DNA sequence: GCAAAAGTACGAAGCTCTTCGCACACAAAG
DNA sequence: CTTTGTGTGCGAAGAGCTTCGTACTTTTGC
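Protein chains in written order, with the numbering used here: chain A, 421 to 546; chain B, 421 to 546.
Shown next as structure tokens:
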């Protein structure tokens, strides 16, 4: 099997690592605590668990270990969307997409981009 | 506040109620146990908890209580998609939709339906 | 009438997730 | 050097989810 789906907290940390690149516990904690009240050791522990789960990898060559995301953002998004699609939409991409667009209207600009993707997808199968 | 998001198990039961309409514990259990090995009292307990959470409502006029979904399928789907959109896609419907379509290609027929929805959405804002 | 069947309620155990305090190692500053 | 700061590791507590055993009540079938 590949990587497990990240939990909500794990996702938060991954987003920081994706945005800033490899980072120490302190750096991640500094980022996160700007948005949320959280203890240093909480972040440390989470990163340790994520290392076990192979969601991140750790460089121990320095005294302050440096963590790096091992799961790419696209992969994580894909597995989370796929999971929801299976659990709540009977595996139908169409159903999920229509629900998303109906509930959260996007800018015309964005709709155009989606249309472009549809063109590509249809073109490819032709 | 509205309804809480259903947990995975709760979603399973809701899907049965949505599909078959109001049902007794026995009926729900019969359905579910065709797909999964699960105890009768497990289903009972879950439905009781879901009653507290207002996800379902219970008609106690008969000895065998009859449960009915209080949360509509569209509502549940909407809140789950919205949650994922916020947590993993920075609130962007476009990003979520593009990931879903890229990862799980749909039938041309379905793509056409999505295209129709896009037309509607753009038409409405014009 | 009484045993068996069908029902509800309750409590608790096991799991994962999340959070942190505390102990300890090491470095840095005075 | 000893005190203060910065780091890791460990353990454990609390919450929510999931599961089911057990106890008790009410029908139902003989």
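C-beta: ideal position from N, C-alpha, C; glycine also. What you are looking at is a predicted structure, and each value in this text was computed from that prediction instead of being measured.
Task: Cβ neighbours of residue 475 of chain A in the same chain (closer than 8 Å, five flanking residues each side left out) - done: For this step, residue 475 of chain A is matched to residue 55 along the first chain. Counting only Cβ-Cβ distances below 8 Å, and skipping sequence neighbours, we find 423, 424, 426, 430, 434, 489, 490 and 491.
Task: Span separating the alpha-carbon of residue 520 of chain A from that of residue 484 of chain A - done: Reading the first chain from its first residue, position 100 is the one you call residue 520 of chain A. Reading the first chain from its first residue, position 64 is the one you call residue 484 of chain A. Spanning the two alpha carbons is a distance of roughly 42 Å.
Open item on the list: Given a cut-off of 8 Å on the beta-carbon distance, is the pair residue 470 of chain B and residue 537 of chain A in contact?
Closed with: The residue you call residue 470 of chain B lines up with position 50 of the second chain. The residue you call residue 537 of chain A lines up with position 117 of the first chain. No, the pair does not count as a contact, with Cβ atoms beyond the cut-off.
Task: Three-state secondary structure assigned by DSSP to residue 508 of chain B - done: As a first step, residue 508 of chain B is located in the second chain; it is residue number 88 there, counting from the start. Residue 508 of chain B falls in the helix class under three-state DSSP.
Open item on the list: Assuming contact is defined by CB atoms lying nearer than 8 Å, are residue 500 of chain B and residue 508 of chain A in contact in what I supplied?
Closed with: Residue 500 of chain B sits at position 80 when you count from the first residue of the second chain. Residue 508 of chain A sits at position 88 when you count from the first residue of the first chain. Cβ atoms of residue 500 of chain B and residue 508 of chain A: closer than 8 Å.
TODO: Provide the residue span of the beta strand (DSSP E) that contains residue 477 of chain A, from first to last.
DONE: Residue mapping note: residue 477 of chain A aligns to position 57 of the first chain, counting from 1. Segment 476-479, the beta strand (DSSP E) holding residue 477 of chain A.
- [ ] Output yes or no for whether 8 Å exceeds the beta carbon distance between residue 526 of chain A and residue 524 of chain B.
- [x] Working through the first chain from its first residue, we reach residue 526 of chain A at position 106. Working through the second chain from its first residue, we reach residue 524 of chain B at position 104. Contact: no.
Task: Option in B:480, B:457 and B:522 with minimal Cα separation from residue 549 of chain B - done: Outside the displayed span of chain B (421 to 546) sits residue 549 of chain B, for which this structure offers no information.
Open item on the list: Does the beta-carbon of residue 482 of chain B, which I'm using as the reference point, lie nearer than 7 Å to any heavy atom of the ligand HEM?
Closed with: The ligand HEM is absent from the structure shown, which contains no ligands of any kind.
Open item on the list: Can you list, in chain order, the residues of its chain with a C-beta nearer than 6 Å to that of residue 374 of chain B? Leave out the 5 residues immediately preceding and following it.
Closed with: No answer is possible for residue 374 of chain B: it lies beyond the span of chain B, which begins at 421 and ends at 546.
TODO: Report yes if the CB atom of residue 458 of chain B is closer than 8 Å to the CB atom of residue 445 of chain B, and no otherwise.
DONE: Within the second chain, the letter at position 38 stands for residue 458 of chain B. Within the second chain, the letter at position 25 stands for residue 445 of chain B. Against a cut-off of 8 Å, the Cβ pair of residue 445 of chain B and residue 458 of chain B comes out as no contact.
Open item on the list: Can you look up residue 489 of chain A in the DSSP assignment and give me helix, strand or coil?
Closed with: In the first chain, the residue the question calls residue 489 of chain A occupies position 69. The answer is strand: DSSP assigns residue 489 of chain A an E or B state.
Task: Collapsed DSSP secondary structure at residue 422 of chain A in the structure displayed - done: By 1-based counting over the first chain, the position of residue 422 of chain A is 2. Residue state, collapsed to three classes: coil.
Open item on the list: Quick check on the DSSP output: the alpha helix (DSSP H) that includes residue 367 of chain B runs from which residue to which?
Closed with: With chain B running from 421 to 546 in the structure shown, residue 367 of chain B is simply not present.
TODO: Count the other CB atoms, across all protein chains shown, that sit within 10 Å of the CB of residue 487 of chain B; report buried if there are 16 or more and exposed otherwise.
DONE: Counting from one through the second chain, the residue named residue 487 of chain B turns up at place 67. It is buried - the Cβ of residue 487 of chain B has at least 16 other Cβ atoms within 10 Å.
TODO: Could you have a look at residue 443 of chain A and say whether DSSP puts it in helix, strand or coil?
DONE: Within the first chain, numbered from 1, the residue matching residue 443 of chain A stands at position 23. Of the three classes helix, strand and coil, the one that applies to residue 443 of chain A here is strand, per DSSP.
Open item on the list: Is there a Cβ of chain B sitting closer than 8 Å to that of residue 502 of chain A, yes or no?
Closed with: Your numbering for residue 502 of chain A matches position 82 in the first chain. Residue 502 of chain A counts as touching chain B.
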